[in-house]
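Numbering (the numbering used here), first residue to last: 1388 to 1519. Ideal Cβ placement from N, Cα and C applies to all residues, glycine included. One structure below.
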């Protein structure tokens, strides 16, 4: 696993300045990325508290960023244990309008989950085509 900052040449010029100034800074400093086969995985884009894995069952979800996220919201509401989510990104730019939108959608759904649960055990990874 490689802890790294985002290569600024991989930022789409259409990304809002709010995202670059407020979201990408913690994104750059706290994420880690690694390569697996032909993919780049940005790990821990969202990471909650670590659960007691010996006494829990983790729900693992995979989705593409071009799908409707309503089922994701329902999964967050109906599952009280840890959740790990892998989101395949169709855009190969790490910081793009698509990435910005996905992170905003996820944050909105996570806010709703906090109302239903006392502790948030959630981990979200973004999966891109190989970025070199």
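Nearest C-alpha to residue 1511 among 1445, 1478, 1441, 1425: 1445. Counting other Cβ atoms within 10 Å of its Cβ, residue 1480 reaches 16 or more and is therefore classed as buried. Of the other Cβ atoms in all chains shown, 16 or more fall within 10 Å of the Cβ of residue 1432; this residue is therefore buried. Beta-bridge partners assigned by DSSP to residue 1446: 1470.
For residue 1461, the enclosing alpha helix (DSSP H) covers residues 1457-1465. With 16 or more other Cβ atoms inside 10 Å of its own Cβ, residue 1472 counts as buried. In this structure, residue 1451 sits near residue 1477, with a CB-CB distance shorter than 8 Å. Residue environment for residue 1420: buried (at least 16 other C-beta atoms within 10 angstroms of its C-beta). Look at residue 1480 here: in three-state DSSP terms it is coil, with no helix or strand label. When the beta-carbon positions are compared, residue 1514 and residue 1428 come within less than 8 Å of each other. Going by beta carbons, residue 1441 and residue 1459 fall outside the 8 Å limit. In the three-state reduction of the DSSP assignment, residue 1425 falls in the coil class, being assigned neither a helical nor a strand state. Restricting attention to 1495, 1509, 1422, the CA atom closest to the CA of residue 1456 is found in 1495.
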